[in-house]
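Trainee: Encoded as structure tokens, here's the structure I'll be asking about.
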Amino acid sequence: MIEILNSTELAKARHTGALVADILQTVKSRTAAGTNLLEIDQWTKAMIVEAGAESCYVDYAPSFGRGPFGHYICTSVNDAVLHGLPYDYTLAEGDLLSLDLAVSLGGVAADSAISFVVGESKPPESVALIDATERALRAGIAAAGPGARTGDISHAIGSVLREAGYSINTDFGGHGIGSTMHQDPHVSNTGRPGRGYRLRPGLLLALEPWIMEDTAELVTDADGWTLRSATGCRTAHSEHTIAITEDGAEILTLPKRANA
Numbered sequence: 001m002i003e004i005l006n007s008t009e010l011a012k013a014r015h016t017g018a019l020v021a022d023i024l025q026t027v028k029s030r031t032a033a034g035t036n037l038l039e040i041d042q043w044t045k046a047m048i049v050e051a052g053a054e055s056c057y058v059d060y061a062p063s064f065g066r067g068p069f070g071h072y073i074c075t076s077v078n079d080a081v082l083h084g085l086p087y088d089y090t091l092a093e094g095d096l097l098s099l100d101l102a103v104s105l106g107g108v109a110a111d112s113a114i115s116f117v118v119g120e121s122k123p124p125e126s127v128a129l130i131d132a133t134e135r136a137l138r139a140g141i142a143a144a145g146p147g148a149r150t151g152d153i154s155h156a157i158g159s160v161l162r163e164a165g166y167s168i169n170t171d172f173g174g175h176g177i178g179s180t181m182h183q184d185p186h187v188s189n190t191g192r193p194g195r196g197y198r199l200r201p202g203l204l205l206a207l208e209p210w211i212m213e214d215t216a217e218l219v220t221d222a223d224g225w226t227l228r229s230a231t232g233c234r235t236a237h238s239e240h241t242i243a244i245t246e247d248g249a250e251i252l253t254l255p256k257r258a259n260a
């Protein structure tokens, strides 16, 4: 299913995107060495409930997971990159943490992810991983607009990641989003320009470049959800929900201070 939102629905999407961005930034600001992943999940739950929103994850039970997910945010640490199931783990100085959050408010969903290093120690390799995904995300957004195709976005993202020296896994990527979290079209993190679905104003896309330091192979954790690098190397993940507009693309999941 591909949804094209009207102006009323787009206004709701902006509110949802702002909520997702604010929750992620609040969680990041509270997180330090000594924070437990289950604390992060509880903080997220409290903010979602307070906003009168709904989690897209608690009852999420796709074919690839051991569902339902049962938590409010994905917390992926170090070699975990996607669908990190929160568990009783206390973060340490220098851990690389990726947070992925999808929320529905007013019947419209938004999805975003950030990666950061916990504490003051910033290993250069981890910083480089995060920087590559953020630059790839910016490139993908710059390639999006009315009349462009999903392949143009995929090519832009993949070009940045490959130039940075990383291989690309195509099992999971970006996606359409609207009244539900995951919709068509799929947006791979690499592809050929000029191919795929032609973008139209009112389309929402969640773009999410993610990489692993020295492999493109994933393994599934014993929890049935968490996806890790096959070699145990570190990983990073960045994501924004965007709306295709008449003249480009609008990022819906920017934190307020980034909009200032």
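Sequential numbering of the sequence shown, starting at 1, is according to UniProt numbering.
Virtual Cβ for every residue (Gly too), placed ideally from N, Cα, C.
Give a yes or no on contact between the region 106-121 and the region 145-154, applying the rule of three or more CB pairs nearer than 8 Å.
Mentor: By the Cβ criterion, the region 106-121 is not in contact with the region 145-154, since fewer than three pairs of Cβ atoms, one from each stretch, lie closer than 8 Å.
Trainee: Is it buried or exposed, Met-1, if we count other Cβ atoms within 10 angstroms and call 16 or more buried?
Mentor: Flag for Met-1 reads exposed.
Trainee: Are Ile-40 and Ile-73 closer than 8 Å when you measure CB to CB?
Mentor: Their beta carbons are under 8 Å apart, which means Ile-40 touches Ile-73 by this criterion.
Trainee: Do Ala-53 and Leu-99 have their C-beta atoms closer together than 8 Å?
Mentor: no
Trainee: Between the C-alpha atoms of Ser-159 and Thr-190, what's the straight-line distance to the nearest angstrom?
Mentor: Inter-residue distance for Ser-159 and Thr-190 is about 7 Å (C-alpha atoms, whole angstroms).
Trainee: Can you give me the start and stop residues for the alpha helix (DSSP H) that Asp-184 sits inside?
Mentor: No alpha helix (DSSP H) holds Asp-184; the beta strand (DSSP E) holding it covers 183-187.
Trainee: Report the rounded CA-to-CA distance for Glu-50 versus Leu-19, giving the unit in angstroms.
Mentor: 11 Å
Trainee: Just to confirm before moving on: does the CB-CB distance between Pro-201 and Glu-250 stay below 8 Å?
Mentor: no
Trainee: Return the chain-ordered list of same chain residues with a C-beta closer than 6 Å to the C-beta of Lys-45, the five sequence neighbours on each side being excluded.
Mentor: Tyr-72
Trainee: Using the C-alpha atoms, what's the distance from Val-103 back to His-182?
Mentor: Spanning the alpha carbons of His-182 and Val-103 requires a straight line of approximately 12 Å.
Trainee: To the nearest angstrom, how far is the alpha carbon of Gly-94 from that of Thr-231?
Mentor: 19 Å
Trainee: Rounded to the nearest angstrom, what separates Glu-217 and Asn-169 at their Cα positions?
Mentor: 7 Å
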